[in-house]
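Comments concern the structure below.
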Amino acid sequence: MAQFFNKSANNIARISMVAAVVLGGTAFFAYTQIARSSYLTGRYLEKQQPVQFSHKHHVGDDGIDCRYCHSTVETTASAGMPSTQTCMNCHSQIWADSPYLEPVRASFRENKPIEWERVHDLPEFAYFNHSIHIAKGVGCSTCHGQIDNMPAVFQENTLQMEWCLACHREPEKFIRPKSEIYNMQWQDGDLTTEERVDLKAKNKIRGKEMMTSCSTCHR
Amino acid sequence: MQEDKDLKEIQERIYPPMVEGDHSFGTVSDKIGDVTLKKRTPFFWFIGFGISFMVAQLLLFAVTTLLAKGIGIWGNNQPVGWAFDIINFVWWIGIGHAGTLISAILLLLNQKWRTSINRFAEAMTLFAVACAAMFPLLHTGRPWLAAYWLFPYPNTMGIWPQFRSPLIWDVFAVSTYASISLLFWYVGLIPDLATLRDRAKNKYFKLVYGLLSWGWRGSARHWHRYEIAYLLLAGISTPLVLSVHSIVSFDFSVSQVPGWHATIFPPYFVAGAIFAGFAMVLILCIPLRVWYNMKDFITDTHLIYMAKIMLATGMIVVYGYAMEAFFGWYSASQYEVFMVKNRIWEGPYWWSYWLLIICNGLSIQLLWFKRFRESPFWLFMISIVVSIGMWLERFVIIVTSLNRDFLPSSWAMYSPTIFDWSMFIGTIGFFFTLIFLFVRFLPVISIFEVRTLLPDASVHGVHHDFEESVLEIQNTEEAAEGLDEKPDRHRFE
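If you want it as structure tokens, here you go:
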């Protein structure tokens, strides 16, 4: 009986066995990377806003405190978005005729809020509260990055659960004194390890079991 | 001459022939191989496949609705939070166990009668596991996310599954079981696929069987490696026969629910699984041997052996029922005692318990009698009743334990919806669809292993051993009768 398969079939079979393992491994590795890519997380992607508002200018150049606009960050879950009136506090006087600010003036005239594009969008099943993070010593730049360097704000971190847990498991690596919360230049190395451990105790940050319990964030 | 006849009778009593009829190597290959290669597909195949495929459409309906609307379409709700999804899962997984027992344990124990039933019993295992796996996957409501909930891998949540939960043990038990069963089945198929490749006339059949047989040429080296691999796989699968259903039983027994929290569960579940599995093997092989005229290979002896295993495992299961009730009473816990009463006579589901006892406890008592053991019709009927009984067993364990829990205010009745039923019946259709496809396209009986049972395969050796054993029996019989006649070692030569 004639051979049905060519002799090369032997090599094809061997190569395909190796290839299956290599391709399978590569596909798995690719999956773990794509799942964390900015394509899926939106990290580092700037968003087009209705007004060309620059945090770099307002925070970095002018030195306006975060809380001037995000006024509820210390007391409520949401940091709060400023009303158009807050903008007009200054811009009724400064750059009052600038064409860039026309959307702001229009919003003020028509009493219609500006529709900002949300940059940091946590899923609804995650319960997040700004005030408790501020109270326990998590600075703005720890999560949001150096806002004073961002002309258009982008998401500095993945906002994935593994990123949240990295801090919830070891908060002492990330916290800072309350006086430095709004300091955009703060570096984690500004405190020694011992000082940060002491700070954790002083701020009464709870143990790992509580910090990483499901219902702490999913209620 | 009379002596020769007696001898033959004794021979058949000790070693019932596992292949009947006058077969040679060639006729075995013809008979089994022709089902896939030569014969026209018989009419009943189209009927059977058609019906199964139509019934499988219920699964399509149930799953589509489930994905569109969510698991709220099912009847389970507090306090019966688990119902058809796990009943059917456990039922299907249990059915698969006979295949593994036949292929692995009986191989290691050198039971020759496994040879002609192992192939389709293993196929049955695979298809049953496929049906079983659908339930835990679909009960998540979003099966495309189930992998990320169930399997440990470096996910973006930064957490692992709860390794202390029996549910994650289940994931490993069932996936190991599925992969080892597939491997075992496939490795066993390779020599037969090569036979089909060599006998196929059609170019496409040659190509497909050729690819699947991985260049098997039947050289001594191939056989040597094959034997090692097959034995190793048998060794790996042997503990699975016990471990998989033990772990499935942990889903219940590790919890605190009265009626579930019992130490008898693992062995009781394993026995039940083998019981249900042999019932399914009988349901499949009794029609198969008639329709395809395979009575030479699946002999009455095979059916009788399986009936005996069913009787033995069934009695273990009945012992389990007795112990469940005993544990309830012996615990002296009012909740356990209440559960037993609720399950057996006080509760609204008492009928399911008694149906279960009739199906699993009483029906198998018929198997004590030779008349029923030797009748394929009765075996088929009893097997169907046992399959229903094993389904009822899971229904009783799950629903009667949950419907009246610790708080009377939360008591509620459970009733399955049309979606529960259509998904369950749909998986039965799916299972038989796969079985029909298997019967059509792959050798249902292991060709090369059946050949080893033929007299041609043991021209030397066996005859000698056989004579020794006949002599031994005759010696003891004669000694018992007080005869002082010395056995003549030469008279058979």
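Chain order of the listed sequences is A and B.
Residues 12 to 230 (the numbering used here) are what the first sequence spells out, left to right.
Residues 742 to 1234 (the numbering used here) are what the second sequence spells out, left to right.
For glycine and all other residues, C-beta sits at the position ideal for the given N, C-alpha and C.
Residues of chain B with a Cβ closer than 7 Å to the Cβ of Leu133 of chain A do not exist, since the nearest Cβ in that chain sits about 14 Å away.
For Cys225 of chain A, the number of other beta carbons within 10 angstroms of its own is below 16, and it is reported as exposed. Ile1188 of chain B is a Cβ neighbour of Ile773 of chain B, given a cutoff of 7 Å.
Here His66 of chain A is buried: its Cβ has 16 or more other Cβ atoms, across all protein chains shown, within 10 Å. For Arg47 of chain A, the closest Cβ of chain B is nearer than 7 Å. Trp926 of chain B and Asn859 of chain B have their C-alpha atoms some 9 Å from each other. Burial check for Phe1118 of chain B: the Cβ neighbour count within 10 Å stays below 16, so the residue is exposed. The three-state reading of DSSP puts Gln166 of chain A in strand, counting E and B together.
Within the region 47 to 102 of chain A, complete alpha helix (DSSP H) segments of at least 4 residues are found at 49 to 52, 77 to 80 and 95 to 102, given in chain order.
DSSP, read as helix, strand or coil, puts Val821 of chain B in strand. Interface annotation, Leu210 of chain A: not in contact with chain B, CB-CB separation never under 7 Å. Relative to Thr866 of chain B, the option among B:Leu981, B:Met1122 and B:Ser994 whose CA is nearest is B:Leu981. In the three-state reduction of the DSSP assignment, Met795 of chain B falls in the helix class, which pools H, G and I. Under the criterion of beta carbons closer than 8 Å, Ile1123 of chain B and Ile1105 of chain B qualify as touching, at roughly 7 Å. In the structure shown, Tyr971 of chain B adopts helical secondary structure according to DSSP, grouped into three states. Its Cα nearest to that of Glu191 of chain A, the residue A:Asp201 stands out among A:Lys184, A:Cys175, A:Glu183 and A:Asp201.
A straight-line Cα-Cα distance of about 8 Å links Ser152 of chain A and Tyr193 of chain A. Interface flag for Thr881 of chain B against chain A is unset, since no Cβ pair is found closer than 7 Å.
Two segments are said to touch when three or more pairs of C-beta atoms, one from each, lie closer than 8 Å; by this definition the region 849 to 859 of chain B touches the region 1043 to 1058 of chain B. Look at Thr897 of chain B: its C-beta is under 7 Å from a C-beta on chain A. In this structure, Cys80 of chain A lies near Pro93 of chain A, with their beta-carbon atoms less than 7 Å apart.
In the three-state reduction of the DSSP assignment, Tyr1071 of chain B falls in the helix class. Taking the Cα of Pro188 of chain A as reference, the smallest distance to any Cα among A:Gly148, A:Asp73, A:Cys77 and A:Val84 is reached at A:Gly148.
The three-state secondary structure of Asp132 of chain A, taken from DSSP, is coil. Taking Leu807 of chain B as reference, the option from B:Arg905, B:Ile1159, B:Pro1184 and B:Phe1182 with the minimal CA-CA separation is B:Ile1159.
Taking the beta carbon of Thr43 of chain A as reference, the chain B residues within 9 Å of it are Tyr894, Pro895, Asn896 and Thr897, listed in sequence order. Think of a sphere of 8 Å around the beta carbon of Phe185 of chain A: no beta carbon from chain B falls inside it, the nearest being about 15 Å out.
In the structure shown, Gln198 of chain A falls within a coil segment according to DSSP collapsed to helix, strand and coil. One thing to note: Pro999 of chain B has its Cβ within 7 Å of the Cβ of Met1080 of chain B.
Taking 7 Å as the cut-off between beta carbons, the residues of the region 947 to 960 of chain B near chain A are Lys947, Gly951, Trp955 and Gly956, in sequence order. For Leu176 of chain A, the C-beta contacts it makes with chain B under 9 Å involve Met898, Gly899 and Ile900, in order along the chain. Judged by beta-carbon spacing, Phe876 of chain B lies within the 7 Å limit of Phe830 of chain B, meaning their Cβ atoms are closer than that value. Scanning chain B for C-beta atoms nearer than 8 Å to the C-beta of Asn21 of chain A yields Gly956, reported in chain order. Judged by their CB atoms, Tyr50 of chain A and Phe165 of chain A are not nearer to each other than the 7 Å cut-off.
Across the structure, Phe825 of chain B and Asp1161 of chain B are spaced so that their CA atoms are roughly 6 Å apart. A Cβ of chain B is located within less than 7 Å of the beta carbon of Glu173 of chain A.
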